[in-house]
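Accompanying notes for the structure given below.
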Amino acid sequence: MKFGIVVFPGTWSDVDCKYAVGDILQQPFEYLWHKNNEDLSRFDCVILPGGFSYGDYLRAGAIASLSPIMASIDTFARKGGLVLGICNGFQILCESGLLPGVLMRNDHLQFRCEWTNLKVENTVTPFTADCCDGQVLRVPISHGEGNYFADENTLHELESENRIIFRYCSVDGLVTDESNPNGSVNNIAGIVNSKGNILGMMPHPERCCESLMGGIDGLEIFQSIIRSIAVV
Amino acid sequence: MSLVNKETLDEIALTVEEYHLIVETLGRTPNALELGMFGALWSEHCGYQHSKPLLKLLPSKGDRVLFPPGQENAGAVDIGDGLAVVFKIESHNHPSAIEPFQGAATGVGGIVRDILALGARPMALLNSLRFGPLDDPNNQYLFKGVVGGISWYGNCIGVPDVGGEIAFDSGYSGNPLVNALCVGLVAIDKLAKSTVGEDGNLIILVGSETGRDGIHGASGLASRTFELQESMRPAVQVGNPFLEKVLIEACIESVASGIVVGVQDLGAAGLTSSIVESVYKSGKGVYIDVSKVHLREPNMSPYEVMLSESQERMILIIKPENKNRLADLLSKWDLPWSDIGKVTSDGRIKIYDGKQKAADLPIKTLNEPKLYRLKGNLSSEVEQARLYPLSSIPLPDSSPGEVLRGLLASRNINNKEQVYRQYDSQVQTNTVIAPGVADAAVLRIKGTNKAIALSTDGNANYCYLDPYRGGMIAVAEACRNVSCVGAQPIALTDCLNFGDPTRPEVYFELEWAIKGIAKACRVFNVPVVSGNVSLYNETRGKAILPTPVVGALGYMENVAHRTTMGFKSEGDAVLILGTSRVSGAAKSMAASEYLILYHNMLVGRPEIDLKLESRVQALCRIAVRDGIVRSAHDVSNGGLAVAIAESCLVGGLGFSGDFSISGRWDAALFGETQSRIIVSVPPQMVGAIQKLAVSMDVPWAYLGLVGGKNLIIEGLIDLSLKQLGESWKNGFH
């Protein structure tokens, strides 16, 4: 099991992802530099971490989506490799077309850093295999542009193929307007591609992998990935 | 005075006397560039002309202090395990008054580079903010702009914003205070210095292109009062947080590679101040060719290049043979850079534009401005306000419960979640205690069991009525805050925000606030390791309230031994440490939020007993460390009832009081007597804390029990948490 952690100029949760995966979960990892278009077959899972790649200039994730490493990730994903895009990573995946839809500015136009509750809607994915159906994970968000939007057809496809993995919800798992922190359509917090090997999510699981940080629900996601790879 | 007129001197904030002194020292009249450089370096902002003689009064030595204040760009403190914590607070008041978003944003950027200049990784930000009342649309604009700018810059660079304070007073209308504090962590053997090393070393300018922004920022904005705000907007810099983030990584990598001799940030007065300061400290000279500087726009004059305050720039000093290695490192990060000159031995700064000489000045003269030691005096207005007979103030028409709700809803006390949730407080995954739940933020130190705690404090109302005691209380409160989470205060940084020091009443405030800070530091045995002074904070000829802001750094041996302010468990006993009874003596209302809000009066004279304060804090720390208390919260703005309400609201548990009051209920519930901490204690531990209190000579009193869904003080207050929460969270819009 080996993780790759991509670093763009302006990425900042690379180190947090490294701490979660390498220090807490004791998994092998390597940082991947954005300028390299390289063979990623030595990895099982590549993480696109959060941050402000290229300062989010133009649009969040837009410039990073054109960098050499993204061509490598495209190839890696086609061969079935797991890709986890967190926050800015989710934005980059949408910009590069690996995931459908867009992430717009939060509906209230402000940055938000706070804990959210996520309802796990599909446990038959490598990213959620350790979760129970309907389980509520407590995971923080930290973004200004996390307002997920997609057209009717795409949404219909996502819903019918069960590709919406996480929805913002209340503590009791109710998907309500009050629990939606950014205006995302259908309370979407995370989706997968049609093959199910690319997950994009706005919340930060790497920030809640120790009780010292106020919660450990992020471990469910990383441990799901590790166990899924072990099973294969 | 033949070659220069008064307008020119005004623009660069030099006095006629200073000009004559320059001419006399040089033996000739300076040219325009040379005069501009003097204006910048002899400004209050860079030269500390009025404050330097006073700042010497602050104790700055300590076992953990790695070098004296002023030697490097920030203070550094040894926390063991070969690690140093670097920290400093700095103001960006005047730029924020003119362009709040960019002013505040570049304030954050600037303080981060101070930390970076020591080779440290910035690990947290705090900010201490003051605004005029928000019912004035201009203050709304300033408030939203400042918060937006801090959020925009801090979030983008991946440094968590973990705390600070916000207060409002009409004196800050049009002159908000924006004080930013940054903390960094570095291995002691990797600490960078601001030295320039030997002759021949290269001066490498790294980062953003130099443009025409921010010229006269130090002399024009920071060092005098001003009214023509819109026309001064070009003197405010524009930030690029993305470039700052890249600069952070590139500088840390460069320093870690071992090829960097010295590092210096570029802040106020740009290249001029940065180069002159570091060359001065090393006793060297320097040759600069401004035609080598990478520019944002063509045809900039040497004057513009030397005084530009373009952001996101650093100076790295290297040996010539390492130029290629540095070039490789910087190209990895696609950072522009230029080799702009070299270190010399002649003690002068010689500036060339290609082959043409543009300036030639002695470094020593430039860096040793005329200092002023003035005479201050207490204003009669304050003298009268102090003597006001507090006992003659009538009880309010409102009930105690109504007053409590009113205070909780007031701008200075209410919940600031709507502000701090716009800041990323968790990135870098070290934030163990985030904003809103305790008196100080706590960050763990990865790879150890240790943690640090951080808090800023400064009550301007106290300082207005008595700057000496106000200065002492600022230190006491900042230290009390870190003690409440269980940390030992080990160092302070201060930001002294005052009006025009040439007014005797302002100079009096500055002098006595510094003396008060110094006194408290000596009693608590905590040094001031860094700081900043911001004078000339005035609007329409009136100075702001004197506002010294103190940032405290606390040390925690074991991160597990910490607590927050919220009540944790039904049935816990609630005690107050620092007093043996709930006194309703009228004098406790001095300078209180209650008097201001309900009686519209800023009167009385605050008091503090520093020795008692020191014992109370020590008791609290031991009680937290030993797990005797489950929560700790200091009594500050709004007094006892507000402190209890906050512990209820954060913990989601009620309180049932069982204590008697001597004297007035308003003074007892809302008075702001210092040196008091409210703790909740498991029933089986009550004996232990009492024993400890007796052994440490700290008075205490029993207040009641945690439990239920109401805050009840028999015969006075009975309010549900829901009601209290509605008042507390009404927030900012």
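Protein chains in written order, with my numbering: chain A, 10 to 241; chain B, -15 to 717.
We put the CB at the ideal spot given by N, CA and C, even for glycine.
Exposed unless 16 or more other CB atoms sit within 10 angstroms - verdict on residue i
i, result
"V16(A)", "buried"
"T134(A)", "buried"
"L183(A)", "exposed"
"V0(B)", "exposed"
"M(-15)(B)", "Note on M(-15)(B): pLDDT 43, under 50, position unreliable in the model; the coordinate value appears next. Result: exposed."
"V510(B)", "buried"
"D727(B)", "As shown, chain B starts at -15 and ends at 717. That puts residue 727(B) outside it, with no answer to give."
"L723(B)", "Nothing in the structure corresponds to residue 723(B), since chain B is present only between -15 and 717."
"K204(A)", "exposed"
"R660(B)", "buried"
"K348(B)", "exposed"
"T729(B)", "Past the edges of chain B, shown from -15 to 717, lies residue 729(B), and the structure says nothing about it."
"W42(A)", "exposed"
"Y125(B)", "exposed"
"Q741(B)", "Any property of residue 741(B) remains undetermined from this structure, which presents chain B solely from -15 to 717."
"G103(B)", "buried"
"P14(B)", "buried"
"S193(A)", "buried"
Residue i - containing beta strand (DSSP E), residue span
i, result
"K341(B)", "340 to 346"
"C54(A)", "54 to 57"
"K326(B)", "321 to 328"
"W684(B)", "684 to 690"
"T179(B)", "That residue, T179(B), is in no beta strand (DSSP E); it is neither H nor E in DSSP."
"T440(B)", "435 to 441"
Residues that residue i contacts on chain A, provided the C-beta gap is smaller than 7 Å
i, result
"Q124(B)", "None at all; the shortest Cβ gap to chain A is about 15 Å."
"G635(B)", "Under the 7 Å cutoff, chain A gives no residues; its nearest Cβ is about 15 Å from G635(B)."
"N139(B)", "F120"
"S135(B)", "F120"
"P225(B)", "G64"
Contacts that residue i makes with chain B (C-beta to C-beta distance below 8 Å)
i, result
"D25(A)", "V411, Q412, T413"
DSSP three-state assignment for residue i, whether helix, strand or coil
i, result
"N396(B)", "coil"
"T548(B)", "strand"
"A536(B)", "strand"
"D702(B)", "strand"
"Y372(B)", "coil"
"L113(B)", "strand"
"V416(B)", "strand"
"Y106(B)", "Reading off the sequence, residue 106(B) comes out as Pro, not Tyr. Strand at P106(B)."
"T20(A)", "strand"
"N481(B)", "strand"
"I101(A)", "helix"
Closer than 7 Å at the beta carbon, the chain B residues around residue i
i, result
"P149(A)", "Q410"
"Q119(A)", "Q406"
"R216(A)", "Q410, T413"
Extent of the continuous alpha helix (DSSP H) to which residue i belongs
i, result
"C122(A)", "It is not in any alpha helix (DSSP H) - C122(A) instead sits in the beta strand (DSSP E) that spans 121 to 129."
"G718(B)", "With chain B covering -15 to 717 only, the question about residue 718(B) has no answer from this structure."
"R236(A)", "227 to 240"
"D249(B)", "Here D249(B) belongs to no alpha helix (DSSP H); instead the beta strand (DSSP E) covers 244 to 249."
"M290(B)", "286 to 291"
"V148(A)", "Taken as a continuous stretch (DSSP letters only), V148(A) belongs to no alpha helix (DSSP H), being part of the beta strand (DSSP E) at 145 to 152."
"M211(A)", "Element bounds for M211(A): n/a, residue is neither H nor E."
"N123(B)", "121 to 141"
Close-in-space but distant-in-sequence residues of the same chain around residue i (CB under 6 Å, 5 per side omitted)
i, result
"D(-6)(B)", "none"
"S35(B)", "V517"
"V4(A)", "Here chain A covers residues 10 to 241 and nothing more, so residue 4(A) does not appear."
Same chain, Cβ closer than 7 Å to residue i, five either side skipped, listed in chain order
i, result
"G500(B)", "P451, Y452, R453, G454, G455, M456"
"S576(B)", "G623, F654, G655, E656"
"Y539(B)", "I63, I436, A471, Q472, I474"
"N396(B)", "A151, F152, E577, N621"
Cβ-based neighbour list, residue i, same chain, cut-off 8 Å, excluding 5 preceding and 5 following
i, result
"A101(B)", "E56, N57, A58, A176, S178, V247, Q248, D249, M298"
Partners in chain A for residue i, counting only beta-carbon separations shorter than 8 Å
i, result
"D725(B)", "Outside the modelled stretch of chain B, which goes from -15 to 717, sits residue 725(B), for which no answer is possible."
"R428(B)", "L221"
Closer than 7 Å: residue i CB and nearest the ligand FMN heavy atom
i, result
"A502(B)", "Judged by which ligands are present, the structure shown has none, so any question about the ligand FMN falls away."
Beta-carbon neighbours of residue i, restricted to chain A and to distances below 9 Å
i, result
"V190(B)", "Correct list: empty, because the minimum Cβ distance to chain A is about 14 Å."
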